[in-house]
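**Q**
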RNA sequence: GGUGGAAUGGCCGAGAGGCGAGGCAAGGGACUGCAAAUCCCUCUACACGGGUUCAAAUCCCGUUUCCACCU
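Residue numbers (the working numbering): 1 to 301.
In C-alpha cells form, the structure reads like this:
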C-alpha cells in the first residue's frame, strides 16, 4: 500500500512549510519544494527558507539546487520534481510537495510538455522586440498562429517571444503544443490549499518582512551579489531581493525598501490567489480550521 | 493681527472656462522553459457657500484649513 502524493499550496506566509513538517513527521514523509526562489542556494532569509535545524531531520528536496547566476526553468523543475517523487515513493515514503509557485505545481501534476528552448533564437527575438517593438512580433505571431495570438496580450513581449520561439523550434503552432490540463498524472493526490483572509495575512506579511530585514536580508543580498546575483535574470527579481539591491545602490532608503517589499509581497499574494482559485482540485483549508486533521481525514478516507 | 501663496479621488500630481491627464496604492483577471516573473482590466476627484457664464476644477466674492513672511 502506498500513500498518495500530498500537495500543500497557497499564498505566501500562510504556514505551508510548518504544516508540511507536521505531515512529514506523522506519515514518514519527505518534502519537495515547489517554490521557485527557494531553489536558489544562499537565498535563505528573503525566501523564508527553513534552516537545517528547523527541518527537524525531515529530508527536503529541491532546495539550494541552483546558484544565483543561473536561471530557473519550469521544464527543469518538472523533471527534477517528478524524479524526486518517484525516488521518495520507491523508498516507501510519502512525498509532500509544498510551495507557492502555481505553475511549478501544475507542471508536476498535469501533462504539460515544454518544447525545447533555443537561446540563440530567443536572443534574436529579444533583440528584434527591442528594435522593432512588440507590436511587430505580435503581428508576426498573429499570422503564424492566430489562436496563440488571441490568447496572448499584444503587450506581453515575453509570452510573444516564447510563442514565436516554440513555433520555430517545433515547426508547429504554439497552440498545438499546449496539451489539455485536465489530465492527471497523480489521480489520487491530496491537493490542499491554505486559505487565509487578507486582513489576517497583511499583518503577518508586514511582520515577516520586517523580520527579514532585521535578520540581515541586505547582508545576504550583498554576499549574493558577490556570487553573481546580478548576472542572472531570475533571482535578482525576487521579492525583497530586488528592493535590497535598490537599497544597496542607493536608490531606496531602508524604510522605502521595507515598505516596497511589503507591498510587493501583498501583490504576489493576490496573484497566487488568482492562480490557485481556478484549480477546482484544490481542497481549501479555511483559516482557523485545524490543518493536520484536515489532511489526516483525506488520507484515511 | 497683517500680507502673500496653497487647497484636486486612499496617496503623489498635471490641468487654468467647453464632456472626466498621468503615476502609485487598492480590487479583479490572464498565465504552458525568466512565473516572487510577465501582462490585461477597473476605480469621475477637484475644501465649503454664494455668484458670473450657454458652459467653471478653472473667473469673482465670502468662509474654513494649511504654508510662508511681516508686525
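All C-beta atoms, glycine included, are put in the ideal place defined by N, C-alpha and C.
Rounded to the nearest angstrom, how far is the Cβ of residue 137 from that of residue 164, given a contact under 8 Å?
**A** Here the question's residue 137 lines up with position 137 in the first chain. Here the question's residue 164 lines up with position 164 in the first chain. Correct: roughly 6 Å between the Cβ atoms.
**Q** Considering only residues of the same chain and omitting the five flanking positions on each side of residue 148, which have a CB-CB separation below 7 Å?
**A** Indexing the first chain from 1 puts residue 148 at position 148. Closer than 7 Å at Cβ, skipping near neighbours: 141, 163, 173, 174, 175.
**Q** What would DSSP say about residue 102, mapped onto helix, strand or coil?
**A** Locating residue 102 in the first chain gives position 102, where the first residue counts as 1. It is helical.
**Q** So the candidates are 11, 13, 21, 90; which of them puts its Cα closest to the Cα of residue 295?
**A** Counting from 1 along the first chain, the entry for residue 295 is found at position 295. It is 21.
**Q** Apart from the five residues just before and just after residue 265, which ones in its own chain have a Cβ nearer than 6 Å to its Cβ?
**A** Start at 1 with the first residue of the first chain, and residue 265 comes out as number 265. So the qualifying residues of the chain are 205, 239.
**Q** Taking the alpha-carbon of residue 145 as reference, which of 184, 297, 133, 167 has the nearest alpha-carbon?
**A** Taking the first residue of the first chain as 1, we reach residue 145 at position 145. Nearest option by C-alpha distance: 167.
**Q** For the candidate residues 35, 233, 31, whose alpha-carbon lies nearest to that of residue 54?
**A** Indexing the first chain from 1 puts residue 54 at position 54. Taking only the C-alpha atoms, the option nearest residue 54 is 31.
**Q** Restricting to Cα atoms, I'd like to know which of 189, 129, 192 is closest to residue 161.
**A** To locate residue 161, count along the first chain from 1; it is residue 161. The residue with the shortest Cα to Cα distance from residue 161 is 129.
**Q** Going by beta carbon distance, what residues of the same chain come within less than 7 Å of residue 3, once the five residues before and after it are set aside?
**A** Reading the first chain from its first residue, position 3 is the one you call residue 3. For residue 3, where only same-chain residues beyond five positions count, the Cβ hits under 7 Å are 27, 94, 299.
**Q** Please tell me whether, using a cut-off of 7 Å, the distance from the CB of residue 55 to the nearest non-hydrogen atom of the ligand GDP is below it.
**A** Annotation note on the ligand GDP: not contained in the displayed structure, which lists no ligands.
**Q** Could you pull the start and end residues of the alpha helix (DSSP H) that residue 52 belongs to?
**A** As a working mapping, residue 52 is identified with position 52 in the first chain. From DSSP, residue 52 is part of no alpha helix (DSSP H); its letter is neither H nor E.
**Q** Keeping to the same chain, check which residues put their C-beta closer than 8 Å to that of residue 269; ignore five residues upstream and five downstream.
**A** Start at 1 with the first residue of the first chain, and residue 269 comes out as number 269. Cβ within range, chain order: 11, 12, 13, 198, 201, 205.
**Q** For residue 126, which residues in the same chain have their Cβ closer than 7 Å to its Cβ, ignoring the five residues on either side in sequence?
**A** For the purposes of this step, residue 126 is taken as residue 126 along the first chain, with counting starting at 1. Excluding sequence neighbours, residue 126 sits near 161.
**Q** Based on the DSSP secondary-structure assignment, which residues constitute the bridge partners of residue 193?
**A** Taking the first residue of the first chain as 1, we reach residue 193 at position 193. In DSSP, residue 193 forms a bridge with 9, 284.
**Q** Beta carbon of residue 39, beta carbon of residue 5: below 8 Å?
**A** In the first chain, counting from the first residue as 1, residue 39 sits at position 39. In the first chain, counting from the first residue as 1, residue 5 sits at position 5. Not a contact, by the Cβ cut-off of 8 Å.
**Q** Residue 78 and residue 109 - do their beta-carbons sit closer together than 8 Å?
**A** Here residue 109 corresponds to residue number 109 of the first chain, with the count starting at 1. Here residue 78 corresponds to residue number 78 of the first chain, with the count starting at 1. No, these two residues do not count as a Cβ contact at 8 Å.
**Q** Name the residue from 158, 49, 29 whose alpha carbon lies nearest to the alpha carbon of residue 311.
**A** It is not possible to answer for residue 311, since the shown part of the chain is limited to 1 through 301.
**Q** From the DSSP output, which residues share a beta bridge with residue 95?
**A** On the first chain, position 95 is the one that residue 95 refers to. In the DSSP output, where bridge partners are listed per residue, residue 95 has 30.
**Q** Nearest to residue 225 by alpha carbon, out of 17, 16, 42?
**A** As a position in the first chain, residue 225 is number 225, starting the count at 1. Closest option to residue 225, Cα to Cα, is 42.
**Q** Would you identify the three-state DSSP class for residue 241, choosing helix, strand or coil?
**A** Stepping through the first chain from its first residue, residue 241 is reached at position 241. Here residue 241 sits in helix by DSSP.
**Q** Do the CB positions of residue 248 and residue 209 come within less than 8 Å of each other?
**A** Stepping through the first chain from its first residue, residue 248 is reached at position 248. Stepping through the first chain from its first residue, residue 209 is reached at position 209. Result no, Cβ atoms of residue 248 and residue 209 do not sit closer than 8 Å.
**Q** CA-CA distance, residue 7 and residue 154?
**A** Here residue 7 refers to the residue found at position 7 when the first chain is read from its first residue. Here residue 154 refers to the residue found at position 154 when the first chain is read from its first residue. Going from the Cα of residue 7 to the Cα of residue 154 covers about 35 Å.
**Q** What does the Cβ neighbour count give for residue 244, buried or exposed, with the cut at 16 atoms within 10 Å?
**A** Along the first chain, read from residue 1 onward, the residue named residue 244 stands at position 244. Buried.
**Q** Helix, strand or coil for residue 252? Go by DSSP, reduced to three states.
**A** Against the first chain, residue 252 aligns to sequence position 252. Three-state DSSP puts residue 252 in coil, outside helix and strand.
**Q** In angstroms, rounded to a whole number, what distance separates the CA positions of residue 23 and residue 112?
**A** Here residue 23 refers to the residue found at position 23 when the first chain is read from its first residue. Here residue 112 refers to the residue found at position 112 when the first chain is read from its first residue. Cα-Cα distance, rounded: 28 Å.
**Q** With a Cβ-Cβ cutoff of 8 Å, do residue 152 and residue 9 count as a contact?
**A** By one-based count along the first chain, residue 152 stands at place 152. By one-based count along the first chain, residue 9 stands at place 9. No, the pair does not count as a contact, with Cβ atoms beyond the cut-off.
**Q** So, for residue 16: in the same chain, excluding its five sequence neighbours on each side, which residues have a beta-carbon less than 8 Å away from its beta-carbon?
**A** What you label residue 16 is simply residue 16 of the first chain in a count that begins at 1. Hits under 8 Å: 8, 9, 10, 98, 99, 100, 194.
**Q** Spatial neighbours of residue 257 within its chain, please: C-beta separation below 7 Å, excluding the five flanking residues on both sides.
**A** Sequence index remark: in the first chain, residue 257 carries index 257 (1-based). Here the set comprises 243, 244, 246, 247.
**Q** Since residue 220 contacts residue 68 with CB under 8 Å, what's their CB separation in whole angstroms?
**A** In the first chain, the residue the question calls residue 220 occupies position 220. In the first chain, the residue the question calls residue 68 occupies position 68. Going by Cβ atoms, the distance from residue 220 to residue 68 rounds to 11 Å, so no, they are not a contact pair.
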